[in-house]
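There are 2 protein chains.
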Amino acid sequence: MLDYKLLSALATVIECGGFERAGEALGLSQSAVSQRIKALEVRLGQPVLVRHPQLAATPAGQRLLNHYQRVCLLERELGQALPTLEVASPRLRIALNADSLVTWWASAVTDFCRREEVLMDLVVEDQDVGLKRLRDGDVAACLCASDQPIAGARCVPLGSMTYHPMATPEYAADHFPDGPCEAAFRRAPAIVYGPNDQLQHRFLAQFGYHGPFPYHLCPESEGFVRLASAGMGYGMMPMIQVRDAVRRGELISLAPQHALEVPLYWHFWRHSGELMERLTRELSALRLGEASG
Amino acid sequence: MLDYKLLSALATVIECGGFERAGEALGLSQSAVSQRIKALEVRLGQPVLVRHPQLAATPAGQRLLNHYQRVCLLERELGQALPTLEVASPRLRIALNADSLVTWWASAVTDFCRREEVLMDLVVEDQDVGLKRLRDGDVAACLCASDQPIAGARCVPLGSMTYHPMATPEYAADHFPDGPCEAAFRRAPAIVYGPNDQLQHRFLAQFGYHGPFPYHLCPESEGFVRLASAGMGYGMMPMIQVRDAVRRGELISLAPQHALEVPLYWHFWRHSGELMERLTRELSALRLGEASG
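If you read the protein sequences in the order shown, they are chains V and G.
All residue numbers for the first sequence refer to this note's numbering, where the first residue is 16 and numbers rise by one.
All residue numbers for the second sequence refer to this note's numbering, where the first residue is 16 and numbers rise by one.
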């Protein structure tokens with residue numbers, strides 16, 4: 016049997032981002048935490064943490080964390096059957112794309128969290144890479160654009176979000192006087208979420224354009240909208256995020272006929288227990304994008 | 016003299032998040048990019064990149080990137096004096112806190128970016144840790160809460176943002192019927208931005224409370240507000256971000272007398288050239304927080 020004190024120390028170090036804070040959270044000295052991590056590494060015969068360039072679990076450490084999290088979820092079910100056990104409320108670590116987090120996510124999960132007394136540990140990931148976190152064992156579930164299930168996990172479709180190339184009307188008149196075309200793409204500053212964000216490229220490819228284009232990088236969903244609203248560039252945004260701005264005439268779609276549908280899938284480890292099944296049922300009932308487009 | 020082709024390859028690999036994409040951006044094969052990185056490492060006698068747990072520059076690599084970025088800024092000034100040089104528009108890499116990015120940042124810098132034809136590469140960092148990026152040479156400037164200048168950099172105060180513990184009126188009635196007190200802090204789910212976010216702790220310390228409290232983790236500024244607005248928890252938010260929600264009665268401050276002032280400072284490398292000086296003058300003229308509180 017594994018020594019769960021050691022796994023708990025590892026989980027706390029990662030969650031708190033350091034040994035000193037983990038010690039505070041666990042009511043231990045920093046050196047006691049450090050000893051537990053060392054004991055885990057001796058048992059495993061390899062490191063569970065790297066300190067540079069930033070504190071993070073090694074692939075082996077991530078496997079352990081994933082196992083630990085699943086055991087916590089199972090313990091919680093046991094605690095509901097045997098309330099005198101007083102099992103601590105688990106924190107559900109979930110990777111999701113920022114666009115979901117700033118739009119429909121909160122209203123979809125709040126009742127669930129209250130009813131089940133669950134705390135969430137949300138990790139924001141580009142929709143095309145969040146799955147890697149699940150595979151690495153870093154999160155219990157992942158909301159992303161990929162429909163490829165990974166071994167040991169289930170994949171449930173939740174619907175889709177519709178992305179339009181949005182800009183202010185002034186920006187559109189200045190930079191796209193003749194509508195979307197190569198000459199404009201070549202010069203008009205775009206806004207791109209990050210190196211893994213392929214939406215802008217996919218939008219341009221619809222017009223047969225594959226060349227270079229100037230762009231700002233802004234890895235923050237609402238900040239992205241603010242930059243466009245201030246007239247700094249144009250970028251692909253979910254219509255549900257900007258609907259009010261569109262109604263007020265602050266933002267318009269540069270190419271309503273060239274919107275992109277991005278599907279969303281919910282991935283989670285099988286045998287994570289009833290709690291995850293119930294959250295999954297709640298999310299599947301949403302049917303994202305069917306009403307609002 | 017350094018071989019700037021090699022530095023440019025390093026910068027592109029980091030910016031694009033991979034060798035294959037860097038190759039596409041530079042019009043090179045993946046193996047040509049890889050050879051340039053190797054040549055740089057041979058010249059330096061140590062690695063400039065680590066591949067695990069994620070692709071990142073080593074401390075030595077970051078020094079090189081910082082130097083490269085400053086040279087690009089200086090080249091740009093030269094390009095303005097000698098337009099026939101046709102120097103490419105630089106991307107200004109800046110670390111800033113998410114709360115600034117989703118509130119005042121866009122309107123403060125848009126004119127500057129247009130006028131100077133500058134593209135921005137924004138990196139979102141917790142306000143207490145962004146400075147580390149500047150010290151590591153990963154960014155050209157940093158907006159954060161620390162007033163400690165680092166060697167070789169200047170530090171300019173920009174004003175402050177005021178944070179209140181915000182929640183829905185229903186949440187306040189349910190979880191804080193007797194106002195802020197230990198019994199409520201112990202049970203009411205809070206929302207915390209991340210392990211480095213000390214605002215919640217500082218708020219609780221004002222009431223002499225230093226014990227444990229349940230919390231959701233949400234590392235996304237606008238997502239944070241959405242979770243609170245859905246009634247999932249209470250959390251420290253900048254008043255300028257939630258002013259409309261307060262006006263509409265959707266969010267209230269749980270303790271208006273216990274707001275926290277978070278100062279903001281602009282740090283940038285000396286000798287970065289005139290462009291950075293002009294951006295700094297623009298930002299210093301804002302006097303954040305003086306009018307809006």
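Every residue gets a Cβ at the ideal spot worked out from N, C-alpha and C, and that includes glycine.
Please read all numbers here as calculations on a predicted model, not as lab measurements.
Residue i: contacting residues in chain V (beta-carbon distance under 7 Å)
{"i": "S122(G)", "result": "A245"}
{"i": "Y230(G)", "result": "L134"}
{"i": "L242(G)", "result": "A121"}
Proximal residues of chain G, C-beta to C-beta of residue i below 8 Å
{"i": "G223(V)", "result": "Going along chain G, no residue has its Cβ under 8 Å from G223(V), so there is no contact; the nearest lies around 17 Å."}
{"i": "C196(V)", "result": "In chain order: nothing, as chain G lies at least about 21 Å away."}
{"i": "P325(V)", "result": "Nothing can be reported for residue 325(V): it is not among the residues displayed for chain V, which extend from 16 to 308."}
{"i": "A113(V)", "result": "E235 and G238"}
Collapsed DSSP secondary structure at residue i in the structure displayed
{"i": "V28(G)", "result": "helix"}
{"i": "G250(V)", "result": "strand"}
{"i": "L175(G)", "result": "Going by the sequence as given, residue 175(G) is Ser instead of Leu. Reduced to three states, the DSSP call for S175(G) is strand."}
{"i": "V261(G)", "result": "helix"}
{"i": "R202(V)", "result": "helix"}
{"i": "V139(G)", "result": "strand"}
{"i": "I165(V)", "result": "coil"}
{"i": "G308(V)", "result": "The predicted model places G308(V) with a pLDDT of 41, which falls under 50 and marks its position as unreliable, so this point remains unresolved."}
{"i": "R285(V)", "result": "coil"}
{"i": "M16(V)", "result": "coil"}
{"i": "A123(G)", "result": "helix"}
{"i": "C233(G)", "result": "coil"}
{"i": "A245(G)", "result": "coil"}
{"i": "A188(G)", "result": "helix"}
{"i": "S44(G)", "result": "coil"}
{"i": "E132(V)", "result": "coil"}
{"i": "Y83(G)", "result": "helix"}
{"i": "M291(V)", "result": "helix"}
Minimum Cβ-Cβ distance from residue i to chain V less than 8 Å
{"i": "D212(G)", "result": "no"}
{"i": "S307(G)", "result": "In this prediction, S307(G) scores a pLDDT of 47, lower than 50, which makes its location untrustworthy; the coordinate-derived value is nonetheless stated afterwards. Taking Cβ atoms only, chain V never reaches closer than 8 Å to S307(G), which makes this a no."}
{"i": "T295(G)", "result": "no"}
{"i": "V6(G)", "result": "The shown model of chain G, from 16 to 308, leaves out residue 6(G), and the question about it has no answer."}
Neighbour list for residue i in chain G, Cβ cutoff strictly below 7 Å
{"i": "V139(V)", "result": "P234 and E235"}
{"i": "V65(V)", "result": "P68"}
Whether residue i touches residue j by CB criterion (8 Å)
{"i": "M254(V)", "j": "T177(V)", "result": "yes"}
{"i": "V65(V)", "j": "I52(V)", "result": "no"}
{"i": "F228(V)", "j": "L219(V)", "result": "yes"}
{"i": "L269(V)", "j": "W119(V)", "result": "no"}
{"i": "L116(G)", "j": "L137(G)", "result": "yes"}
{"i": "M247(V)", "j": "C128(G)", "result": "yes"}
{"i": "V171(V)", "j": "S46(V)", "result": "no"}
{"i": "L70(G)", "j": "G42(G)", "result": "no"}
{"i": "P209(G)", "j": "R285(G)", "result": "The amino acid occupying residue 209(G) in the given sequence is Gly; Pro does not appear at that position. Taking 8 Å as the Cβ cut-off, G209(G) and R285(G) do not qualify as a contacting pair."}
{"i": "I206(V)", "j": "Y230(V)", "result": "yes"}
{"i": "L149(G)", "j": "A123(G)", "result": "no"}
{"i": "V48(G)", "j": "A24(G)", "result": "yes"}
{"i": "Y280(V)", "j": "L173(V)", "result": "yes"}
{"i": "Q61(V)", "j": "G152(V)", "result": "no"}
{"i": "F200(V)", "j": "Y224(V)", "result": "yes"}
{"i": "E276(V)", "j": "S175(V)", "result": "yes"}
C-beta neighbour in chain G for residue i, strict 8 Å
{"i": "C159(V)", "result": "no"}
{"i": "G60(V)", "result": "no"}
{"i": "C170(V)", "result": "no"}
{"i": "P68(V)", "result": "yes"}
{"i": "R258(V)", "result": "no"}
{"i": "V117(V)", "result": "yes"}
Check: residue i C-beta below 7 Å from any heavy atom of the ligand PLP
{"i": "A96(G)", "result": "Because no ligand of any kind appears in the structure shown, any question about the ligand PLP cannot be addressed here."}
Cβ-based contacts, 9 Å cut-off: residues of the segment 72-99 of chain V near chain G:
Going along the segment 72-99 of chain V in chain order, one finds A72, T73, P74 and Q77 with a Cβ nearer than 9 Å to chain G.
To be precise: take each residue of the segment 20-52 of chain V, compare its Cβ to all Cβ atoms of chain G, and keep it if any distance is under 7 Å. Which residues remain?
Listed in chain order, the positions of the segment 20-52 of chain V with a beta carbon within less than 7 Å of a beta carbon of chain G are E30, C31, G32 and R36.
In chain order, what residues of the segment 177-201 of chain V put their CB closer than 8 Å to some CB of chain G?
The residues in question: there are none.
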